[in-house]
Every structure is written in C-alpha cells, then in structure tokens.
Ligand code: BG6
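In the numbering used here, the protein residues as written are 114 to 599.
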C-alpha cells in the first residue's frame, strides 16, 4: 500500500497544554484557589513512584493554604501563559496548528465552585483567547477539567465523592458552553479520568488520609464524574447540537511478561480495568469485570435510580486519550526490575528503552492501542497527548537541538500512520505539550515537552523568553505535508 495521502484532508494537527501547568496568574482577575495550587515542588530524582510524589497529605494542604505566595508552588506561576498567550498562539500558528488543546481553569469561572454568579473577568479571558485562536483558524479543543478543581469544593463538600459536586460542575460547564457556543466545537469532560483512581487528589480532589477507605472514596468520586460527564454531554447538545464531546483516558496498554497463562490472565485483567472507563463513557455501562472487582475490594458505590439510564443515554461522540508508554503485567513482579512511570512504576520491558524519567518508549504500542480501541468501540479516536519529557539545553546562540524529540515524534507518528492504514478513524493529534510547561507529576520545569523552549528553571527563575527548538521547524514541515514528510 502506498504511504501517500494517509492522513485525512481535515486531520487536526496541533499541540496541547493544561491551564494549571501553563497559565500561572493563580490569584489574578478573581481566580480562586484550586487543587493544583496546593502542589509544591520537591527536589528529587527518585521517579520510581510518581503517584506518591503527586499525593498530597492534609498537612501539606494546610501549609499550602496558609501560603499566599507563588514561591515553591510552580503551578501557581506556570509559564505565565495567562499573559503570554498571544505571543504563544502566534508561534503555534507559525507551526501551522489546526487545533490547540487547552483547559479552562474552573476557578477562573467559579472561584469557589459554589458561587452564585460566574466571574466575568475569567469568562472574558477565555473569550479573548478563543478569539485569538480563531484569528489564525485554529480550532480550540477544550478540556473542562484537567487536574484541578476549586479548593473550596474539596474543603467544604469533600470533593467529588459528594454528589452535590455534580451540580456545581454542570453549572460551570453550562456557563462556559453557553458563552463559547460559537467559538468552541470540541470539548473533553475530564482529563485522564482514570487518574481519579490512580492519584485521587490530582484527579478528583480526594485527600486520601482523610478517608477511612480511600479506594472506596475514589470509586465513588469516579462514579460522580461519570454521571457529570454524561449530564454535561446531554446539556452540551441542547446548547449547540454541533458540539462534539469526548472522554479522555490515560491509555495504559499492558503486555504480558510471559506467555504463562497466569500472566495472560493478569494482563487481560489490567487491560480490562484500564478500558473500564471508556466502556462506561462509550458503551454506557460498567463492564462485567467490575462486579467482582468491587465485591472483592469492598467497594460499594452509592447510586441513584436514574444513574443507569443517564450513563446509557448520554455517551460521548469520540474517545480521546494520552499515550506515553506501555506497561507489563505479571503475577510475579519480584522476578523483574522496576522502572519509573507516569503515574505508577512498572516492571521493566527488556525490549524497550526508557526516558530520563524512566518512561518506557514504545511507538508500536501506539498503533496497537489505536487498533484495539477502534475494534472495541468503533467511534473516532483522537490522540490528545503524546510527547517526550527531556532536559533540553539552551545553547549560547539561542538554539535547542532536540533531535531526540524529533525522533520520538517521527516514530510515533509513523505508527499512527500505520494505524490509519489499518483502518482506524483518527480525528487528530495534539502533542504534549506544545510549549514547555510545568510537569504535572513532578512540578519540574526541567522536564520539557515543547517545540518552544521557555527560559525558566525549577525555582521559577528566568526571563520567560520563548525560543524555537529544532523540533519546531520539523513539526511545521510535518503539518504542512499533512504527515507525509515525517
Ligand atoms: C498526562 C497529563 O498524564 O501526562 C498531563 O494529562 C501531563 O497533564 C502529562 O503533563 C505528562 O506528565 P508529566 O508528569 O511528565 O508532566
């Protein structure tokens, strides 16, 4: 088969960021405190247990709440995208972006989550930003909830485990969807919804040391997010029938460590549990595997009579997902070495190389994941995160030679191309992140993902000046050739 003209004509090429990692301006124009504002930077090179790095104790939250400054809390200052967005969008336009994925900070719109009225300054900010994107014909792809929520909802209501939070989220979603109904067409409800289980504070504002049974609290919170996502999907179609609503999963594809049947069964289970989220959001019900899992783990989810019908009726239009690595399943992990991971560590795959942060590089896994998900669900797929975190070096002449990143993208996009040839319907691809931002897991600045370098260090020192990396021109060429020239 010829490799020419593989990507559809209207393929959405672009990049992605999240408000909490980029905007900064945490106390500007009426913004309230969010969960992301509680996360301090810890100097560590131990990346083997990133979930625990992301975990927040009650004590650390108390401390953060008392601290009004941004120092030591990188997500409070980000890369000051809040004030630099025009300059940054101009650079995205220069690369030829067709789409730009970003999130809205809920606390800019409803600073406390339960406010009677939305904050007009926050609403105006995103209106200006979307207009700026439209000026360059860049389609916004907006995540409603990306790893942040109002701290007030956490402290006053116990966060997503409380059903009342569904209503607050619906109001927030309805407010922004109504305001931007002619500016935004593509929406995602919850970023990496499976993070609610893997790291409940990041995903759902659950402070685990305040819970008697934190796993139970996390699954309860997840159920409420599923319901909220469905209700928002329903409302979205009433506001604008043209809206396209997607769910968002951190795809954690597992391979068996051996062909030993017990490893195969374990692997099947791990994949089923990872796809449980999309099963609910696309097929409209919890898959059978969860029944035994909940029973054996003493998880009892409180539901309302209407929940089953809500999940069944208001499913998403497309699946978006992040893809960074693959994992290994085994019943005897002690037989193998362990490597770092995005949200958790895993057994090392001897066939794969790892990044500086211990993430296993597996471009072919992207093809596998795409094919498997398309076979299973037959709805359009959107790769909304994929990229390489590396310590780039700014040379004295202002250049950044990131050949390793170009190679990473070349290989992953090559596999994406294969998947399209295999018949998978892929709507678009937004690399993570379009520009260097604060790392979600470690809060470092030095873990860089962008095509654009931002002059700032881990302590928040720097000019914030933007520099184009070598990969900037490479990606520009990829987009201009619609993926033919990788
Ligand atoms: C995803 C998140 O898990 O991975 C992003 O949706 C995050 O917010 C990205 O930044 C990369 O992870 P990290 O920890 O290297 O920033």
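Here a beta-carbon is modelled for each residue, glycine too, at the ideal position from N, C-alpha and C.
Cβ neighbours of residue 232 within its own chain (closer than 8 angstroms, five residues either side excluded): 142, 143, 144, 221, 222, 223, 224. For residue 358, the uninterrupted beta strand (DSSP E) segment begins and ends at 357-363. Residue side-chain check: residue 560 places its Cβ nearer than 7 angstroms to a non-hydrogen atom of ligand 1. Pairwise C-beta distances place the region 477-489 in contact with the region 427-445, as three or more of them are shorter than 8 angstroms.
In this structure, residue 260 has its CB closer than 7 angstroms to one or more heavy atoms of ligand 1.
In this chain, the beta strand (DSSP E) harbouring residue 129 covers 125-129. DSSP places residue 302 within a strand segment (E or B) once states are collapsed to three. Fully contained in the region 177-229 are the following beta strand (DSSP E) runs of length 3 or more, in chain order: 212-216.
The residues 500, 502, 545, 546, in chain order, have a CB closer than 6 angstroms to that of residue 562 in the same chain once the five nearest residues on each side in sequence are set aside. Residue 413 has no beta-bridge partner at all, per DSSP.
Boundaries cannot be given for residue 582, as no alpha helix (DSSP H) includes it and DSSP labels it neither H nor E. For residue 120, there is no enclosing alpha helix (DSSP H), as DSSP marks it with neither H nor E. Pairing residue 189 with residue 137 gives a Cβ-Cβ distance under 8 angstroms. Residue side-chain check: residue 498 places its Cβ nearer than 7 angstroms to a non-hydrogen atom of ligand 1. Closer than 7 angstroms to some heavy atom of ligand 1: that describes the Cβ of residue 131. Closest in alpha carbon position to residue 385, among 406, 397, 373, 374, is 406. A contact between stretches requires three or more CB pairs, one per stretch, nearer than 8 angstroms, and the region 244-252 meets this requirement with the region 206-215. Taking a C-beta distance under 8 angstroms as the contact criterion, residue 362 and residue 432 qualify as a contact pair. Burial is judged here by how many other beta carbons sit within 10 angstroms of a residue's own beta carbon; residue 517 has fewer than 16 and is exposed. A straight line joining the alpha-carbon of residue 360 with that of residue 228 spans about 27 angstroms. Using a Cβ distance threshold of 8 angstroms, residue 272 and residue 266 count as a contacting pair. Put simply, the region 314-325 does not touch the region 371-387. Fewer than three CB pairs are less than 8 angstroms apart. Looking at the backbone, the Cα of residue 566 and that of residue 200 are separated by about 13 angstroms.
In the assembly as shown, residue 133 is a buried residue. Its beta-carbon has 16 or more other beta-carbons within 10 Å. Burial check for residue 374: the Cβ neighbour count within 10 Å stays below 16, so the residue is exposed. Less than 8 angstroms divides the Cβ of residue 495 from the Cβ of residue 540. In the three-state reduction of the DSSP assignment, residue 566 falls in the strand class, which pools E and B. Counting along the chain, the unbroken alpha helix (DSSP H) around residue 423 starts and ends at 420-426. Short note on residue 545: C-beta closer than 7 angstroms to some heavy atom of ligand 1. Relative to ligand 1, the nearest heavy atom lies less than 7 angstroms away from the CB of residue 134.
Under the Cβ criterion (8 angstroms, minimum of three pairs), the region 296-315 does not count as touching the region 176-184. For residue 366, there is no enclosing alpha helix (DSSP H); the residue is found in the beta strand (DSSP E) stretching over 366-369. Counting C-beta atoms within 10 angstroms of its own C-beta, residue 513 has 16 or more neighbours from the protein chains shown and is therefore classed as buried. Ligand 1 has a heavy atom closer than 7 angstroms to the beta-carbon of residue 304. DSSP, reduced to helix, strand and coil, places residue 354 outside both helices and strands of the structure shown, so it counts as coil.
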